[in-house]
Amino acid sequence: MPKDNSLKKVLVIGSGPIIIGQAAEFDYSGSQALRALREEGIETVLINSNPATIMTDKEMADKVYLEPLTVEFVKKIIVKERPDAVLPTLGGQTGLNLALQIEREGFLTQQGVKLLGVNLNTIEQAEDRQMFKELMIELGEPVPESKTVSNLKSALDFKEEVGLPLIIRPAFTLGGTGGGIAHTEEEFERIVKSGLDNSPITQCLIEKSIAGFKEVEYEIIRDAKDNCIVVCNMENLDPVGVHTGDSIVVAPSQTLSDKDHQMLRDCSLKIIRALKIQGGCNVQLALDPHSFQYYVIEVNPRVSRSSALASKATGYPIAQIATKIAIGYSMDEIMNPITKNTYACFEPTLDYVVTKIPRWPFDKFHSADRSLGTQMKATGEVMGIGRTFEDSLLKCVRGLEIKRCHLELEPNKNFSTEELLEKIIHPTDERIFEVSELIRRDISIHDIYDRTKIDLWFLQKIKNIIDLEKQISTSKLTAEFVQRLKIMGFSDEYLSKKLDLTEIEWRDKRNQLGVHAKFKMVDTCAAEFESHTPYYYSTFEDENELEKPEQETVLVLGSGPIRIGQGVEFDYATVHAIKAIKELGMRAIVINNNPETVSTDFNTSDALYFEAVTFEDVMNIIDYEKPKGVICQFGGQTAINLIDILDKAGVNIIGTGYESTDKAENRDRFEKALKDLEIAQPIGTTVSSLEEAVKVATELNYPLMLRPSYVIGGQAMQIVYEQSELEEYINFAMEVWPGQPVLMDRYMIGLEVEVDAICDGEDVFIPGIMEHIERSGIHSGDSFAVYPPQTVSEKVKEDLVKTTIKIARDFKVKGLINIQFIIKKEKVYVLEVNPRSSRTVPFLSKVTEIPMAKIATKAILGKSLKSQGYPTGIQAEGKLISIKAPVFSFSKLRNVDSALGPEMKSTGEAMGRDTSMQKALNKAFKAAGIDFPRYGTILATIADKHKDETLEMIKRFHECGFNFMATKGTAKLLRENSIPVKEVEKIGRSNRDLLDEIKDGNVNIIINTISRGKNVESDGFKIRRAAVENGVVCMTSLDTTWALLKAIEINSLGTIAL
Amino acid sequence: MSKLYLYLENGDYYRGESFGHKPESPRLSELVFNTSMYGYQEIISDPSYCDQAIVMTYPLIGNYGVNQDDSESITPHLNAFITREYCDHPSNFRSRQNLSQYLETHKIIGIHQIDTRKLTKIIRTQGTLKCVISSNEMTESELSDFFSTPYETNQIEKVSIKTISHFPALGGKRIVLVDFGYKKNILESLLKRGCDVIVVPFDTSFEKIAEFNPKGIVLSNGPGDPKSIEKVLPTIRKLQESFPMFSICMGHQIFALANGADTIKMKFGHRGGNHPVHDLERDKVFITAQNHGYCVREDSLGATDLEVTQVNLNDKTIEGLKHKTLPAYSVQYHPEASPGPNDTKYLFDQFIESLSEDQYAQR
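Protein chains in written order, with my numbering: chain A, 1 to 1058; chain B, 10001 to 10363.
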């Protein structure tokens, strides 16, 4: 079936800001879709509110709308653009839900717009639990037995019928509050009672527990001719019970026989055919490890995180093919884009093993509940490709950037074996390390299996690693033994530590032994056909497949897994650097290990090395490729951290190098540099001991801003107000970052401003200045940022420009630089200098239409800023006002405080742009998913020090039509100012307190500025968590609240009575 | 773990580690690769691999052990099995022994710790080649002796059953399965559909087969070159004149030869579970399991009564034929799967259903 020629213009819906469960994978799939449509000569229109993505680049589509992903805006764009069709299956659940809503309203039919790739019925059948269950029964495919109950008796009856263990899922509670798995009669009764209590409609779903089953996923594609293929199957190392996004996943499945595999394959194909999906689909299945019994867990009728992983794991670009199918093609008409000489209608076969390990944010959120269950908690993931499972696993471990280069976690050594055996029963992010430690202590893998249900095959493989590890100290380091260690994935970093050598020394020794990495290709077909796509991974075997053309080559370091503080923004910059290198006629090669991203799309670079971004892996590539140099400034802290050692190893770093980076990051050097330049900075110093800290504190005076050196995203940054807090912090820092000094600054309250600039060594070009809505004290990544600045005077702007130019030149920056300022009483202070690409580069590039990363790349490769048309100075400000809004994922993480502070907590960003500040704010809030009410009740819990400041704000909220609820103190203040208020009890002071009001849905907005800090028992914390769990807008910064008020005001009637 | 040496006819040599059977004396094999990620037990026990050495492209083999149900023949005829890494700690609820034990029992050489991707690429670029596996290093003259020995062509004779066996099913349609080296699942596929099956040696006469009064004939898969058994072609011609006939793999090639077409040796054949076949009549693509080193020449069909029903989507080789007038058709791939996808199992249903209509009564 050829292309549907009636499609001239297609609207693609993106997935919006990055949140846990919906990350960069949709930038990858969306970019592929847009490219695939363009190839067919179809005009493309995109809506996506996330400025940090490649897909929202102007050149990606004919029209890019950086607008909120809401029904209102999608409809507006459809009316304006009149596309022939909407493609919603590449924008995650967000895209699908939006399409579903407008289709249900009949809007698409009314507008004569087709829905591509999926239909309403399919989405409903796949997503509605009951309809899905009915479909499975009709197909004869097993689903876990379940029953909806509204009293204990029917629950007990069902238990008699199917037996324990059972899962209890209360209806309509967020995050499964009150539910759980019951293994005993007592547990069952208790959980059912609590579940019924917690459910607002007194209803629970009781489901047969299949925890402990093998979890297997199938990624499949179907076209309109009913051709169906399985692109990849994947087996989770963690059995059913842990969300697949939080599981360690392996492709292809390892412990399934052909009979097992074909049975599940048949089932998956049957389901996609019944759902009549035209495009990609994911089927999750549970298989009993002791029989052929299986259950269908879930179906996603769209491309997903798993399909991005499957695409990278196999080389088969699912999103691209799904797009071609959506516009009419059948798979036998589409060429396999990787081999370029076979067809897309076949099933990829692998000749390597792929492992994925999720990247969790628990290094940021120390208080978070680390247990893994049905709610996904990871922000990103890494993938490792190897010819042995052990290699692929260890590549992931060292690529996670959690300061581990091996299956070893120091703190585990302090636990007794009994404690560890107890710990592994409850899965957490550290379970794989606990299991390794137990194996190291010679605990049998059968005992571990009994507790974890991790398949013995995987446990044996971990044992292989430990067994080999034990041989290191007793074996002679022959070439053969080292070869064995390397093919089993042992990192140079680990081996050098074990052998008491520096990594560079060990590397030389290994090279002398003749043990070198080799590169093999990912080709979808296990070498059966010749492939023409340079997509490589390393291994330690005989043959090296690398074909290096005679062309000047530049290596770009990627940014690794997505985590809080280092998101898709850095992939954006990496991709731009690659594009710029190509535009200069050079060969751009990239190393990265994040399967979700555009940078690891084999179409992006001239050669893709899917490897952990570590010294060893970078050097392996350099040895063969002999690039002109390496660019480190776009890959976030991941790449910056390698500058030192790469420099020592004699690698040519193109652009800002070790000297400048160290000058900015080494506190003493930095302070001195600013002093020499006569640039003001908050008073501060570095300390290396508690005594020193206490002494310095008395000199600087509280409050103080504390942070460890060399971190990104304000990790572990904290404001302390008294000595006890200081002591607690210093002790913690000394333990977690031993040997690293702590920076102590006086906490300066003022306006925060941020500048990104480009420097070629001589000229410094500044595209624009961004002003933060929140005063200093809230991490820049969690602040609303406004371009152009609204409250900064011309004089200050001039100072900012001058200071930026001065610093960029003095620091000998070649490439991008980001400077954070505080402005207090019209004076400019420098807070931080980052001589690299920053989080705001994509936002600023988009709103100023200056492709900063590209210009910077060209500048460092020798094309001066002047010759590119960007002389020293600042670009004239644009007329539109653009606001970057932070987006959080608190609902996915229990026990995390949503109060904002110097430590970054947001997972993504969205943007609002319009002709006035208020309009832009309105869009920014909407784009960030803050669905603010226009009227209703505000619960105000305000710290005393903020009360005066709040009063004016509350009056204006009142004028918009809001009512108030407050505890005693605040209530009194409001009454005194003639604002009606309902007084509520503080937590625990009465049968009914303010938490009940939140739970019962009587509160629409919460303003909360009380009891910040790490204490999870504080009232402030409880209120903020209640807000998160009940989906209530909660403002913890007064500055943000003012902004929200402005957005609400523009939506309210705004008439004035006579 | 002791060493094994793998010598290729092109002069390359590899050193790997032994598992399974350790050869007492060097053994000559034909080297082929298979791209299936699953189903090594079925592959090893498929008689079509008689006298060959298989390189598995998937690097980890032995993961789920060997069970009692999945062998495609009682006695495997494979010479050697080559993998990147052999797994001696299988994990699967049906596993009864590890792969090494199984290979040892059946005197099949196992060799691992080999760069199998490199080997695969050699076969892809240079074509199927001969190899020798030995426990000791071999001299050039020893090797040249081996490689100058002509490769045997009597594989079908070796693997075909020697006596007729009957798998009765009361009231079932009787099928005669002509054995060129049949995979158990072809028999099972017929039995599962209620057929009464008689398996006969490949050189059984027409008269003998007719005596059983079958409703249909199935020509099985088998090893080697179809032209090595040209003596059976007259029997096949008579059979198709008298009974509906469905042919698989080697059966398909013999069916073609019997109708005057020609076969040719492919550069490196098709072996794997992911081969797309375009069914021209349905205009649909099926994913199939394949294992063949020869194929029917399209340019030889002109003067025959055969027409092409299916082609390989990638290299356009013939994957299905049917007789223009007689109820006889064939496929090059394996609809019985095992290992591989079940997408084309419907062919058995279709064949068996067609047998109820008495097509010969009308003639």
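Glycine included, every Cβ here is placed at the ideal spot set by N, Cα and C.
All of these numbers come straight from a predicted model, not from anything done at the bench.
For residue j and residue i, the rounded distance between their alpha carbons
i, j, result
"GLU10207 (chain B)", "LEU10191 (chain B)", "24 Å"
"ASP10046 (chain B)", "GLU408 (chain A)", "44 Å"
"VAL354 (chain A)", "GLY386 (chain A)", "7 Å"
"LEU10129 (chain B)", "SER889 (chain A)", "58 Å"
"LYS10205 (chain B)", "THR10235 (chain B)", "In the sequence as presented, Lys is not what sits at residue 10205 (chain B); that position holds Ser. Going by the C-alpha atoms only, they are around 6 Å apart."
"SER776 (chain A)", "LEU237 (chain A)", "44 Å"
"ARG404 (chain A)", "GLY10039 (chain B)", "36 Å"
"ASP508 (chain A)", "ILE472 (chain A)", "18 Å"
Under the three-state DSSP convention, the category residue i falls into
i, result
"GLY384 (chain A)", "strand"
"GLU530 (chain A)", "coil"
"TYR10346 (chain B)", "helix"
"LEU409 (chain A)", "coil"
"GLN320 (chain A)", "helix"
"PRO767 (chain A)", "strand"
"PHE932 (chain A)", "coil"
"GLN284 (chain A)", "strand"
"ALA966 (chain A)", "strand"
"GLN681 (chain A)", "coil"
Residue closest to residue i, alpha-carbon to alpha-carbon, out of the options
i, options, result
"PHE10255 (chain B)", "B:GLY10065, B:GLY10269 and B:ASP10305", "B:ASP10305"
"ILE10082 (chain B)", "B:PHE10246, B:PHE10286, B:VAL10032 and B:THR10263", "B:VAL10032"
"LEU10280 (chain B)", "B:TYR10102, B:GLN10310, B:ILE10175 and B:PHE10147", "B:GLN10310"
"THR656 (chain A)", "A:PHE962, A:LYS812 and A:LYS193", "A:LYS812"
"GLN681 (chain A)", "A:GLU832, A:ILE1007 and A:CYS345", "A:GLU832"
"GLU583 (chain A)", "A:GLU145, A:PRO595, A:ASN593 and A:THR553", "A:THR553"
"ALA924 (chain A)", "A:THR950, A:ARG934, A:LYS884 and A:PHE529", "A:LYS884"
"ILE881 (chain A)", "A:ILE338, A:ALA785 and A:TYR449", "A:ALA785"
"PRO10226 (chain B)", "B:GLU10157, B:PRO10076, B:LEU10060 and B:GLU10017", "B:GLU10157"
"VAL651 (chain A)", "A:PHE615, A:ILE683 and A:ASP662", "A:PHE615"
"PRO1060 (chain A)", "A:ALA966, A:LYS858 and A:GLY1031", "Since the first and last residues shown for chain A are 1 and 1058, residue 1060 (chain A) lies out of range."
"THR804 (chain A)", "A:GLN718, A:PRO738, A:LEU677 and A:ILE860", "A:LEU677"
Contact belief for residue i with residue j at Cβ below 8 Å, rounded distance in angstroms
i, j, result
"GLN483 (chain A)", "PHE540 (chain A)", "6 Å"
"ASP57 (chain A)", "VAL45 (chain A)", "ASP57 (chain A) to VAL45 (chain A), Cβ: 14 Å. No contact."
"VAL10277 (chain B)", "LEU10219 (chain B)", "With a Cβ gap of about 19 Å, VAL10277 (chain B) and LEU10219 (chain B) do not count as contacting."
"SER10300 (chain B)", "ASP10262 (chain B)", "4 Å"
"ASN922 (chain A)", "ILE1050 (chain A)", "5 Å"
"SER10048 (chain B)", "ASN10291 (chain B)", "5 Å"
"ALA368 (chain A)", "LEU893 (chain A)", "5 Å"
"ASP10283 (chain B)", "LYS225 (chain A)", "7 Å"
"GLU219 (chain A)", "GLY280 (chain A)", "7 Å"
"ALA155 (chain A)", "VAL192 (chain A)", "5 Å"
Taking contact to mean at least 3 C-beta pairs separated by less than 8 Å, is the region 284–291 of chain A in contact with the region 313–331 of chain A? Too few Cβ pairs lie closer than 8 Å, so no.
Quick test of the definition: if touching needs 3 or more C-beta pairs under 8 Å, does the region 947–966 of chain A touch the region 10017–10035 of chain B? no
For the region 616–635 of chain A and the region 414–429 of chain A, state whether three or more C-beta atom pairs, one from each stretch, are separated by less than 8 Å. no
Evaluate the contact criterion for the region 303–310 of chain A versus the region 54–73 of chain A: three or more CB pairs, one atom per stretch, below 8 Å. no
Counting pairs of Cβ atoms below 8 Å between the region 827–837 of chain A and the region 916–928 of chain A, do you hit three or more? no
Below 8 Å, can you find three or more Cβ-Cβ pairs linking the region 793–807 of chain A to the region 736–746 of chain A? Short answer: they don't touch.
Check whether the region 237–251 of chain A touches the region 85–96 of chain A, taking contact to mean three or more Cβ pairs, one atom from each stretch, closer than 8 Å. no
Cβ contact (3+ pairs, closer than 8 Å) linking the region 253–268 of chain A and the region 201–213 of chain A: In the pairwise beta carbon analysis, the region 253–268 of chain A is classified as not touching the region 201–213 of chain A: fewer than three pairs are separated by under 8 Å.
So, do the region 552–569 of chain A and the region 593–612 of chain A have three or more beta carbon pairs nearer to each other than 8 Å? yes
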